[in-house]
Structure formats: C-alpha cells, structure tokens
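One structure is given below, encoded as structure tokens.
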Amino acid sequence: MSPEIYNLTKISYKNFLMDAKYSKKFIDELVQSISLVNYGQDVSIPAFVGCVSFAGAGEQLWAIKGGNKLLAKQLAHNSEATISLNTRVNSVTQLDANLFELSVTDEKSGQTSTRRYNSVIIATPLTENQLKFINFSTNFNVNFPKRQYHRTVSTLVAGHLNKKWKGRDVLSDNESTFFTSIGRVYPVDDSRDERTPVYKVFSRTPLTTDQLDLIFEDTQVVYVKDWYAYPHYDSVSEPLPPFILSPGVYHLNAIEWAASAIEMSLIGGKNAALLAYNQLGGKTGDANTYTQNTANHQITDEL
Ligand SMILES: Cc1cc2nc3c(=O)[nH]c(=O)nc-3n(C[C@H](O)[C@H](O)[C@H](O)COP(=O)(O)OP(=O)(O)OC[C@H]3O[C@@H](n4cnc5c(N)ncnc54)[C@H](O)[C@@H]3O)c2cc1C
-4 MSPEIYNLTK ISYKNFLMDA KYSKKFIDEL VQSISLVNYG QDVSIPAFVG
46 CVSFAGAGEQ LWAIKGGNKL LAKQLAHNSE ATISLNTRVN SVTQLDANLF
96 ELSVTDEKSG QTSTRRYNSV IIATPLTENQ LKFINFSTNF NVNFPKRQYH
146 RTVSTLVAGH LNKKWKGRDV LSDNESTFFT SIGRVYPVDD SRDERTPVYK
196 VFSRTPLTTD QLDLIFEDTQ VVYVKDWYAY PHYDSVSEPL PPFILSPGVY
246 HLNAIEWAAS AIEMSLIGGK NAALLAYNQL GGKTGDANTY TQNTANHQIT
296 DEL
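Residue numbering for the sequence shown follows this note's numbering, starting at -4 and increasing by one per position.
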C-alpha cells in the first residue's frame, strides 16, 4: 500500500482539498453535502474517509439485483464455513496461549453453551460492552471501544413528497438541517412500477411527525432504523486501532476507523484471516501465497 494512503488518514479532508486548490464553494457546498450524507459528518473528517465518501457519490455505483444482502449470503455459502445464525456470543475467555472459549446463547431456545477455538475473529464494531473478554492480560488492546460511533437514523417512508422536494434527491450541506439527505429507493427486483414511492431520509436524531410533514404530503408506511452507524471521525491525531487485540484474537472492524464501507470490511476480513492463518501455522506471506497454500494445508480449526 502506498504510504500516501496512510498519510491521508492523518490530515483533514478540508485541508487536503484546499491544498489541492479546490474552491471553498466546491468544498462547502458539494463535497460537504456528500460527506454529510455518507458519514453524517462535515469536511473536518480525515481525508482518506472523505475520499471514500466521494467515491460513493459517483455514477458508477452498482447494486445487486435481489438485494445487496446477497453478497454476504453468497460469500458465506462459498466459504463452506459452519455458520451459527441467531447465536449471540456473550464472552471470550482465554484458556491457554492458543485456546479460547466462547460462551454463546442460542437466541431461539435461550440455551447457553461453550465452544473452544484456537483463534477468534471479532467481526462487529465494538461499540458497547456487548462482549466480555475474560482472563486476558493487561496488555489486551481494548481501549478503542471507548471511541465514539456516530448516530445515524435511517427513516424509510412510503409516501409522496411535498411540492418543495418533488422530483429530486436532496442533500444537505448544513449540519444544522434536521435531515442530511432524502433519496428515492427502488425495489430490489428493479421494478419501477406505479406503487407508492419509497424514500430514505437520513438524520442525526429521530424525525418528529412535524418534521416528516415538512417533507411529505402523505406518509403511508414509516420504518425507522436508529443506529450507531460508523465511527465518529473527529480527530486526525488519534492512531488507527489495532487488528490484533491479543495474540489469537483479531478485530476485523478496526479498519472502519480508516473508513467504513463494505469494500473496507472485505480488506479487514482478509487481514484478519491472514493473521489467523499465520498464527495457526500457515506460512507468512501475501494473499497469493495464502491462496496457493490453502489447497494443501489443513487449518487447525474453523472460526
Ligand atoms: C446507515 C448506513 C449506511 C451505509 N451505507 C453504506 C454504503 O452505501 N456503502 C457501503 O459500502 N457501506 C455502507 N455502510 C457501511 C457498511 O454497512 C459497513 O461497512 C458494513 O456493514 C460492515 O460490515 P461488518 O460485517 O463488518 O459489520 P456489521 O454489518 O455491523 O455486522 C456485524 C454483525 O455482528 C452481529 N453481532 C454483534 N454483536 C454480536 C455478538 N455479541 N454475538 C453475535 N453476533 C453479534 C450484529 O448483529 C451484526 O449482524 C453504511 C452503514 C450504515 C449504518
């Protein structure tokens, strides 16, 4: 990876664009509206995540027919891994240098059991104390969960826009506006029939009925998803968090602190898999070596 890319995590997006001689109007009006819609944050975010947000505003974006969830489904299928759905991990306990015990609860039956693994990859943002780490040394890298995540409320509305907004997607370039974007969404079967149109509105706090009335003429169905969506990129001086929480325990989502996006998670996943592979006795090497070796090499346990 070019060191230039790492350097982009260390300077603000605004300074990066000003140094590149982009005009203030372009930065304040166009670029900021894109960082607000994609990350809910203004151009003081680091330049790397800013560039990722801008890439997401281009025309050549693709969606998977049938729904983007098919990406995860197909990857899981192709991996041939054993996957336990509806199973919550409560804690990870270190038993030995290369032995970890997970306490898991089957969310359907409510039954809790334990399972042992040689290596653990955590593939979720650690935003709260949703997972306990037991019996790890004091060097365990757990500081980063204290970092803040940014709240984004996604409101899906089946209804008709007021005259003011009709016929266009709307991006806000102002952090104090009560929404950051209004965009039309289409069914995953790509049909564009005469059903009531559906819009997705992003905001920092849940929308009140009065606010919805300012946008919509009528609201037939309203669905709200309120979440801590991506890191709050408030500082360029904070070091990026580690992938290795402790030898044998890896955190894929550390990469979200450089930029949060599905493509980034794929890179984080590959990093975590290579680290675990090497720990479990694979040869150190790049992705190609890994691919060649896996055919003949039995990894000692499945994650
Ligand atoms: C509003 C919004 C819009 C976005 N738009 C885009 C976009 O347009 N393009 C893009 O590329 N990215 C986008 N992203 C970012 C993208 O969604 C993330 O990068 C991606 O989901 C990260 O994938 P992940 O598998 O690492 O984590 P997640 O998708 O967060 O998956 C983690 C999973 O772990 C589960 N989990 C958590 N704790 C436990 C536990 N203790 N036990 C068991 N399971 C647990 C969770 O339920 C969840 O299913 C957006 C994110 C948000 C919130």
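A virtual CB, placed ideally from N, CA and C, is assigned to each residue, including glycine.
How should residue i be labelled, buried or exposed, when 16 other C-beta atoms within 10 angstroms of its C-beta is the threshold for buried?
| i | result |
| --- | --- |
| Ile0 | exposed |
| Ser(-3) | exposed |
| Ala15 | exposed |
| Pro120 | buried |
| Val38 | buried |
| Pro219 | It is worth fixing the name first, because residue 219 is Val in this sequence and not Pro. By the neighbour-count rule (16 or more Cβ atoms within 10 Å), Val219 is not buried but exposed. |
| Val180 | exposed |
| Pro226 | buried |
| Gly276 | exposed |
| Ile78 | exposed |
| Phe238 | buried |
| Leu56 | exposed |
| Leu202 | buried |
| Asp271 | What sits at residue 271 in the sequence shown is Ala, not Asp. With 16 or more Cβ atoms within 10 Å of its Cβ, Ala271 is classed as buried. |
| Ile59 | exposed |
| Leu66 | exposed |
| Ala256 | buried |
| Ser74 | exposed |
| Leu70 | exposed |
| Glu251 | buried |
| Ser30 | buried |
Once the 5 residues before and after residue i are set aside, which same chain residues still bring their CB inside 6 angstroms of it?
| i | result |
| --- | --- |
| Val217 | Val152 |
| Gly264 | Leu247 |
| Thr4 | Pro41, Phe43 and Ala253 |
| Phe174 | Val196 and Ser198 |
Rounded to the nearest angstrom, how far is the Cβ of residue i from that of residue j, given a contact under 8 angstroms?
| i | j | result |
| --- | --- | --- |
| Pro234 | Ala249 | With 8 angstroms as the limit, Pro234 and Ala249 do not qualify as a contact, their Cβ atoms being about 11 angstroms apart. |
| Tyr8 | Ala42 | 5 angstroms |
| Ala267 | Ile116 | 5 angstroms |
| Thr172 | Tyr144 | The Cβ separation is near 21 angstroms, so there is no contact. |
| Val231 | Ile22 | That belief does not hold up - the Cβ atoms of Val231 and Ile22 are roughly 16 angstroms apart, past 8 angstroms. |
| Gly61 | Val183 | 6 angstroms |
| Ser48 | Asn63 | Wrong, their Cβ atoms sit about 18 angstroms apart, outside the cutoff. |
| Ser241 | Ser86 | In fact, because the Cβ distance is near 14 angstroms, the residues do not count as touching under 8 angstroms. |
Between which residues of its own chain and residue i is the CB-CB distance below 7 angstroms, once the five residues before and five after are set aside?
| i | result |
| --- | --- |
| Thr191 | Ala153, Gly154 and Gln215 |
| Ile177 | Trp160, Asp164, Val165, Tyr194, Val196 and Ile210 |
| Asn93 | Asn113 and Gly243 |
| Gln27 | Asp37, Val38 and Asp168 |
| Thr88 | Phe95, Glu96, Ile129 and Asn130 |
| Ser149 | Lys195, Phe197 and Lys220 |
| His292 | For His292, the predicted model reports a pLDDT of 39, less than 50, meaning its position is unreliable; a value from the coordinates is still stated below. Closer than 7 angstroms at Cβ, skipping near neighbours: Gly277. |
| Val84 | Leu97, Val99 and Leu126 |
Note down, in chain order, each residue of its chain lying with its Cβ closer than 8 angstroms to the Cβ of residue i, except the 5 sequence neighbours on either side.
| i | result |
| --- | --- |
| Lys103 | Asn81 |
| Arg146 | Gly35, Arg199, Thr200, Asp221, Trp222, Tyr223 and Ala224 |
| Arg111 | Leu90, Leu94, Phe95, Glu96 and Leu97 |
| Thr109 | Glu96, Leu97, Ser98 and Val99 |
Would you say residue i faces chain C, with C-beta separation under 9 angstroms as the test?
| i | result |
| --- | --- |
| Arg111 | Structure shown: chain C not included; a single protein chain is present. |
Let me check you understand the geometry: is the CB of residue i closer than 8 angstroms to at least one non-hydrogen atom of ligand 3?
| i | result |
| --- | --- |
| Pro201 | Ligand 3 is absent from the structure shown, which contains only ligand 1. |
In chain order, each beta strand (DSSP E) run of at least 3 residues that lies wholly inside the stretch 136 to 221 | 144 to 156, 176 to 180 and 193 to 198
Within the stretch 51 to 114, ranges of the alpha helix (DSSP H) (whole runs, at least 4 residues) | 64 to 74
Would you list, in sequence order, the uninterrupted beta strand (DSSP E) runs of no fewer than 3 residues that lie entirely inside the stretch 14 to 55?
-> none
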